[in-house]
Each structure stands twice: as structure tokens, then as C-alpha cells.
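Residue numbers (the working numbering): 189 to 456.
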Ligand SMILES: NC(=O)c1ccc[n+]([C@@H]2O[C@H](COP(=O)([O-])OP(=O)(O)OC[C@H]3O[C@@H](n4cnc5c(N)ncnc54)[C@H](OP(=O)(O)O)[C@@H]3O)[C@@H](O)[C@H]2O)c1
């Protein structure tokens, strides 16, 4: 659908990476339901991305899909500009896309580290950098500060940073680096852009788990349940809309980070 022609009065715009499927899609839909116009990023899931766009547009009036490989620095550097070219503005980025491939201390190598660091850490930082440059340039040009409190980056982290085990070694390192980057970015990008981490517990299953295994592991928490996709999406929306939060992480995991697991949920 066509974006509004009156940006100063128009709804806020958010770029959600990895929004074709799974948690990214849930986040996109929750934000659209709250009135955000959503730029739906995808890499290979083009068909699913168009479905997310159609569902978001039904809720918010406007949405669009943007393909990019987040391991490709040039593609990442161009992404925010493409969103701005379509919507005329962008207020927020949700870094949900993630590479999640297994390695261990024994199989660790530069190739796996680079792959995870590029897509999970470097891309998220570049998108935050581009968002800040866009917001700052709009302010310098005297653009009306509509939705100024909603200019924010939300980085999807993982409860396992507070409850470490040696599985998914490079993935965990990439998320630990992203958590540290969140602190530095919150300082560097203020006052224009806030930066918040959201750390889910086990929320969605993977090809490594049967449904029964997933159900059993989802219950492994002090609250007897980990997070649902709706819990995570609501927390992302809260983080984007609360103008006082920056430089911190909200754990949404039923308290799983308070427990100790020797292996990743998928390999217990
Ligand atoms: N699911 C959980 O239970 C859970 C638990 C803790 C933390 N988290 C975090 O929550 C976030 C969302 O989780 P999820 O399970 O929904 O993620 P996911 O299914 O593992 O991945 C989401 C999307 O990331 C995209 N992606 C991966 N590598 C990419 C690349 N190089 N360039 C562009 N896109 C890329 C893929 O898009 P395409 O399909 O278009 O290729 C994929 O659909 C992640 O950051 C994850 O670490 C999830």
C-alpha cells in the first residue's frame, strides 16, 4: 500500500529484520497492530515476507518488504536508506534476524565466528549507525520531532548470555558482543536514539527438537514456562515506546537465566 504523503503527521516507521517468519513476524504484527508502519526485512524468505507485509498493511495501512543479506556490508549499509526512500522516514530498528549455527570450543574457527559476527553483531551496529544518522539529519534539517521518543533500536539477545553453556559457541559470542555494543551505542547515539536489548528464553522450537522435547524444555524455568512469541513481541513494543529506557536489557524468559543448564536446550 502507498505510504502517507504527510510525514510529520504520519505514523512511526520501524524496520524489523528477519520479519518474514517466526519471532520477527510476531514482532512486526504486534507493532503494526499498535499503529507502526513496518519495513519487513528478509533474506531468503521472500514469499513469507510478502505475507507478513500483507498482514501488517491490513493492521497499519502501510508496510513493505526489503530483501538483504545481512552478511553483505554494502547491502546492510543501503538498507535504512531504502526504507527511507519508500516511507520518507524511519524511527526505529528491531534487530531480530540471526544466524544460529552450531559450533563448539572444539570445532570453533574464524569462518563460523565471522559468519555470526557479521550478521548478528556487525549488521545490527551498522543499522543503528544508519538510523542515528537519519534521525540526526532530520533534526538538523528542522523536521518536526514527531515520535522523537520512539527513535530506538531494539536488539534481540538471548537469556543464555546470563546462563552460559559452551554450545553454539560463535552464536553466543556474537550475542555477547551485541549486548556490549548495546551499552556503547546507548551512550554514543543519545539523545537522538535509544538502544535496548530484549533477551528471550526458549520461545520457538527448532528442527533439533520434537514437539514433546520443546514442551518439556519450555517448562524448565522458575515460573514453569518460558517466553511466548506474544510475550517477546509485547516487550519489543514496550521498549520502542517507553521514552526513558536505554542502555539496558529486558529478559523475557520465565526466569530461565536464573537457572543453570549445562547444554543448549536443543542439545540437552
Ligand atoms: N526462537 C527462540 O526461541 C529464541 C530464543 C532466544 C533468542 N532468540 C533470538 O530472537 C531472534 C529471533 O529468533 P528466531 O528464532 O525467530 O530467529 P531465526 O528463525 O533463527 O532467524 C530469523 C531470520 O533471520 C534471518 N537471517 C539469518 N541470517 C541472515 C542473514 N545473513 N541475512 C539476513 N537475514 C538473515 C532469516 O531470514 P530468511 O528466512 O529470510 O533467510 C531468518 O528467517 C534472534 O535474534 C534470536 O537469537 C530466539
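Glycine included, each C-beta is placed from N, C-alpha and C at the ideal position.
DSSP three-state assignment for residue i, whether helix, strand or coil
{"i": "residue 225", "result": "strand"}
{"i": "residue 436", "result": "strand"}
{"i": "residue 268", "result": "helix"}
{"i": "residue 231", "result": "coil"}
{"i": "residue 203", "result": "strand"}
{"i": "residue 191", "result": "Caution is warranted here: a pLDDT of 49 is assigned to residue 191, below 50, making its placement in the model unreliable, and the coordinate value is therefore given only provisionally. Of the three classes helix, strand and coil, the one that applies to residue 191 here is coil, per DSSP."}
{"i": "residue 451", "result": "coil"}
{"i": "residue 218", "result": "helix"}
{"i": "residue 304", "result": "helix"}
{"i": "residue 499", "result": "Within the shown structure, residues of the chain are numbered from 189 to 456, placing residue 499 beyond reach of any answer."}
{"i": "residue 238", "result": "helix"}
{"i": "residue 289", "result": "coil"}
{"i": "residue 196", "result": "With a pLDDT of only 48 at residue 196, under 50, the local geometry of the prediction cannot be trusted, and the value read off the model is given with reservation. Three-state result, residue 196: helix."}
{"i": "residue 260", "result": "coil"}
{"i": "residue 274", "result": "helix"}
{"i": "residue 335", "result": "coil"}
{"i": "residue 243", "result": "helix"}
{"i": "residue 209", "result": "coil"}
{"i": "residue 431", "result": "coil"}
Close-in-space but distant-in-sequence residues of the same chain around residue i (CB under 7 Å, 5 per side omitted)
{"i": "residue 443", "result": "409, 410, 411"}
{"i": "residue 243", "result": "217"}
{"i": "residue 453", "result": "390, 405"}
{"i": "residue 357", "result": "291, 292, 293, 296"}
{"i": "residue 194", "result": "The pLDDT assigned to residue 194 is 47, lower than 50, so where the model puts this residue is not dependable; a value taken from the coordinates is nonetheless given after this. Once the five neighbours on either side are set aside, residue 194 has no close Cβ partner at all."}
{"i": "residue 450", "result": "353"}
Close beta carbons around residue i, own chain, < 6 Å, minus the five adjacent residues each side
{"i": "residue 230", "result": "208, 237, 255"}
{"i": "residue 318", "result": "268"}
{"i": "residue 331", "result": "none"}
{"i": "residue 222", "result": "425"}
{"i": "residue 414", "result": "389, 390, 406, 441, 442, 444"}
{"i": "residue 247", "result": "220, 221"}
Beta-carbon separation (whole angstroms), residue i vs residue j, contact threshold 8 Å
{"i": "residue 391", "j": "residue 416", "result": "7 Å"}
{"i": "residue 341", "j": "residue 278", "result": "The pair is not a contact, with the Cβ atoms about 11 Å apart (cut-off 8 Å)."}
{"i": "residue 420", "j": "residue 386", "result": "7 Å"}
{"i": "residue 482", "j": "residue 225", "result": "Residue 482 cannot be examined here, being either before or after the span of the chain that is shown, 189 to 456."}
Identity of the residues DSSP links to residue i by a beta bridge
{"i": "residue 388", "result": "440"}
{"i": "residue 280", "result": "202, 340"}
{"i": "residue 251", "result": "226"}
Cutoff 8 Å; reference residue i; Cβ partners in own chain excluding five residues on either side
{"i": "residue 361", "result": "301, 304, 305"}
{"i": "residue 314", "result": "261, 264, 265"}
Beta strand (DSSP E) runs contained entirely in the segment 353-427, provided each spans 3 or more residues: If only uninterrupted beta strand (DSSP E) runs of at least 3 residues are considered, those enclosed by the segment 353-427 are 382-388.
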